[in-house]
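2 protein chains.
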Amino acid sequence: MYSKSEENYLKAIYHLEAIAKHGVSTNAIAGEMETKPSSVTDMVKKLADKQLVNYVKYKGTTLTEKGKKAALGVVRKHRIWEVFLLETLDFQWDEVHDIAEQLEHIKSQELINRLDKFLDYPDYDPHGDPIPDKNGNIKSAEKKLLAELKKGNQGQLVGVRETSPDFLQFLDKRSIAIGSKIKVLGKEFFDGSMVIQVQGEQFFISKKIAENLYIHI
Amino acid sequence: MYSKSEENYLKAIYHLEAIAKHGVSTNAIAGEMETKPSSVTDMVKKLADKQLVNYVKYKGTTLTEKGKKAALGVVRKHRIWEVFLLETLDFQWDEVHDIAEQLEHIKSQELINRLDKFLDYPDYDPHGDPIPDKNGNIKSAEKKLLAELKKGNQGQLVGVRETSPDFLQFLDKRSIAIGSKIKVLGKEFFDGSMVIQVQGEQFFISKKIAENLYIHI
DNA sequence: AAAAAAAGTTAGTCTTATCTAAAAAATTAT
DNA sequence: ATAATTTTTTAGATAAGACTAACTTTTTTT
Chain A
57 MYSKSEENYL KAIYHLEAIA KHGVSTNAIA GEMETKPSSV TDMVKKLADK QLVNYVKYKG
117 TTLTEKGKKA ALGVVRKHRI WEVFLLETLD FQWDEVHDIA EQLEHIKSQE LINRLDKFLD
177 YPDYDPHGDP IPDKNGNIKS AEKKLLAELK KGNQGQLVGV RETSPDFLQF LDKRSIAIGS
237 KIKVLGKEFF DGSMVIQVQG EQFFISKKIA ENLYIHI
Chain B
57 MYSKSEENYL KAIYHLEAIA KHGVSTNAIA GEMETKPSSV TDMVKKLADK QLVNYVKYKG
117 TTLTEKGKKA ALGVVRKHRI WEVFLLETLD FQWDEVHDIA EQLEHIKSQE LINRLDKFLD
177 YPDYDPHGDP IPDKNGNIKS AEKKLLAELK KGNQGQLVGV RETSPDFLQF LDKRSIAIGS
237 KIKVLGKEFF DGSMVIQVQG EQFFISKKIA ENLYIHI
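Residue numbers (our numbering), protein chains in the order written: chain A, 57 to 273; chain B, 57 to 273.
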């Protein structure tokens with residue numbers, strides 16, 4: 057259907073659209089794909105020819121319905137393979153990404169559907185991200201960064217982006233863990249810092265902290 | 057390590073070496089790879105530069121030890137994935153080849169070793185072909201066609217070549233299945249037909265049938 | 001052994017996806 | 001609003017792998 061490279065671009069654009077809502081910039085795609093902006097321009101033109109994206113010179117790129125469907129197909133494969141690697145083959149979480157990155161490009165609908173069945177139709181992957189169904193429908197929202205939430209929002213901690221010992225100890229000291237319910241009590245505009253409530257207790261956290269916590273609303 | 061294309065050439069040369077012992081011809085490789093002889097010449101030169109094959113202009117190509125090891129690595133992956141597709145995901149025989157053809161190029165030693173363990177270290181793939189171990193050692197000989205056996209020989213059914221429903225039903229009706237012990241009671245010279253014994257029962261089978269059953273002696 | 005046929009190689013072209021360098025457009029700063 | 005900076009695009013080049021057409025070597029036929 058689509059080449060490996062095309063699929064990777066579609067997936068990158070899909071992920072970036074979730075953050076920057078007004079058309080994804082060429083530089084952003086280049087960053088995500090670890091490639092040069094000029095390569096991105098070439099590729100988005102090609103994807104535009106195939107009706108997979110809307111591309112306006114100098115303005116940005118968005119997925120068309122067709123492109124979104126294709127991207128969700130890749131995301132579905134990636135996440136199902138991740139479940140398989142972790143649950144069936146007992147891999148560690150940091151080992152699975154590179155392998156799933158390859159497996160997601162295997163061309164066979166039947167394969168992924170049978171794998172889905174074998175795993176008993178999981179709704180989420182091991183990072184807490186939802187797995188789209190055959191038709192590209194996602195049961196629940198994607199996880200968000202705590203930093204993206206507004207005052208009054210609340211959700212559950214489903215993962216961390218940064219995994220340094222310092223950061224994990226910071227969380228530990230405050231009894232913030234995967235599964236914790238977090239509510240945003242206040243948010244400062246000028247520096248993005250927040251006051252949050254976790255299990256009755258209140259904490260002040262910087263923007264940097266909030267940008268490294270994944271939340272499910 | 058090696059590109060998909062390089063791996064496919066190595067595998068093709070490996071398979072062809074088993075038949076034509078005196079250096080594989082460029083045309084033979086082209087046939088196996090469904091490509092043009094000129095493309096083969098280009099590639100074998102490249103493989104020769106990498107010390108994976110011995111290539112002598114106009115004479116033929118053979119695998120070096122290094123090339124054989126690489127080829128066996130691909131064969132191992134292919135056969136382990138086939139076992140997985142058939143045993144774990146319940147695919148039919150005729151569906152697995154194209155998918156295994158893609159999966160065999162996934163780069164991860166760890167993945168294939170864990171899969172091997174998950175499948176309980178199978179010695180043969182569903183077609184009866186032996187699976188090389190981590191170090192490229194093959195436990196036993198390659199399978200033979202029932203048609204190649206002589207009166208008095210016996211062995212175990214390890215695979216089928218033809219996979220049409222008609223043929224599979226033919227076998228089913230006589231309770232001939234993978235694992236069945238088969239003994240050749242008699243063989244006619246003029247048409248290659250046989251009388252065989254399977255679990256106490258005797259059957260008459262034509263040469264055509266005997267040419268589609270793989271046996272391990 | 002010479003002629004004919006088959007097999008194999010070389011040279012040049014094409015596609016996909018990438019890159020660098022230079023130019024153009026958009027954004028930010030003064 | 002003009003200048004400076006950043007972002008994006010264009011043009012031209014490169015590498016992998018495949019192709020066609022022409023040429024060379026080997027093998028087969030007579």
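We treat Cβ as the ideally placed atom computed from N, Cα and C, and that holds for glycine. Nothing here was measured: the structure is a model prediction, and the numbers come from that model.
Consult DSSP for residue i and reduce its assignment to one of helix, strand or coil.
i: Asn191 of chain B; result: coil
i: Tyr270 of chain A; result: strand
i: Leu167 of chain A; result: helix
i: Ile85 of chain A; result: helix
i: Leu174 of chain B; result: It should be noted that the sequence gives Phe, not Leu, for residue 174 of chain B. DSSP places Phe174 of chain B in helix when its eight states are reduced to three.
i: Leu205 of chain B; result: coil
i: Lys238 of chain B; result: Just to set this straight, residue 238 of chain B is Ile in the shown sequence, not Lys. Three-state result, Ile238 of chain B: strand.
i: Phe260 of chain B; result: strand
i: Leu145 of chain B; result: coil
i: Gln210 of chain B; result: strand
i: Lys67 of chain B; result: helix
i: Ile265 of chain B; result: helix
i: Gln255 of chain A; result: coil
i: Glu199 of chain B; result: The question names Glu, yet the displayed sequence has Lys at residue 199 of chain B. Here Lys199 of chain B sits in coil by DSSP.
i: Pro221 of chain A; result: helix
Residues of chain B with a CB under 9 Å from the CB of residue i: which are they?
i: Lys163 of chain A; result: Asp154, Ile155, Gln158
Using 8 Å for Cβ pairs, my map puts residue i next to residue j. What's the rounded Cβ distance?
i: Leu141 of chain B; j: Ile155 of chain B; result: 6 Å
i: Leu213 of chain B; j: Ile232 of chain B; result: 7 Å
i: Pro188 of chain B; j: Gly215 of chain B; result: No, Pro188 of chain B and Gly215 of chain B are not in contact; Cβ-Cβ is about 17 Å, not under 8 Å.
i: Ala86 of chain A; j: Val96 of chain A; result: 5 Å
i: Val131 of chain B; j: Tyr70 of chain B; result: 7 Å
i: Ala68 of chain B; j: Glu88 of chain B; result: 4 Å
i: Tyr270 of chain A; j: Gly184 of chain A; result: 7 Å
i: His153 of chain B; j: Lys199 of chain B; result: Not quite, the Cβ-Cβ distance comes to about 16 Å (not below 8 Å), so this is no contact.
i: Ala84 of chain A; j: Leu72 of chain A; result: 5 Å
i: Glu303 of chain A; j: Ala203 of chain A; result: Residue 303 of chain A falls outside the range modelled here, since chain A spans only 57 to 273, and no answer is possible.
Taking the CB atoms as reference points, tell me whether residue i and residue j lie closer together than 8 Å.
i: Gln210 of chain B; j: Ile162 of chain A; result: no
i: Gly123 of chain A; j: Leu145 of chain A; result: no
i: Gly79 of chain B; j: Lys115 of chain B; result: yes
i: Leu108 of chain A; j: Thr120 of chain A; result: yes
i: Pro298 of chain A; j: Val139 of chain A; result: Outside the displayed span of chain A (57 to 273) sits residue 298 of chain A, for which this structure offers no information.
i: Val240 of chain A; j: Gly208 of chain A; result: yes
i: Ile136 of chain B; j: Ile168 of chain B; result: yes
i: Phe245 of chain B; j: Ile252 of chain B; result: no
i: Ser249 of chain A; j: Lys263 of chain A; result: yes
i: Leu175 of chain B; j: Glu151 of chain B; result: no
i: His134 of chain B; j: Glu166 of chain B; result: no
i: Val254 of chain B; j: Ile238 of chain B; result: yes
i: Lys243 of chain B; j: Lys190 of chain B; result: no
In chain A, which residues lie with their C-beta within 9 Å of the C-beta of residue i?
i: Thr219 of chain B; result: Near Thr219 of chain B there are no residues of chain A at all, since even the closest Cβ is about 16 Å away, more than 9 Å.
In chain B, which residues lie with their C-beta within 8 Å of the C-beta of residue i?
i: Arg170 of chain A; result: Leu145, Asp146, Phe147
Taking residue i as the query, report the chain B residues whose CB atoms sit under 7 Å from its CB, ordered along the chain.
i: Leu167 of chain A; result: Ile155
i: Phe174 of chain A; result: Thr144, Leu145
Runs of 3 residues minimum, wholly inside the region 77-136 of chain A: which ones carry the beta strand (DSSP E) assignment?
Within the region 77-136 of chain A, the complete beta strand (DSSP E) runs of at least 3 residues are 109-112, 116-119.
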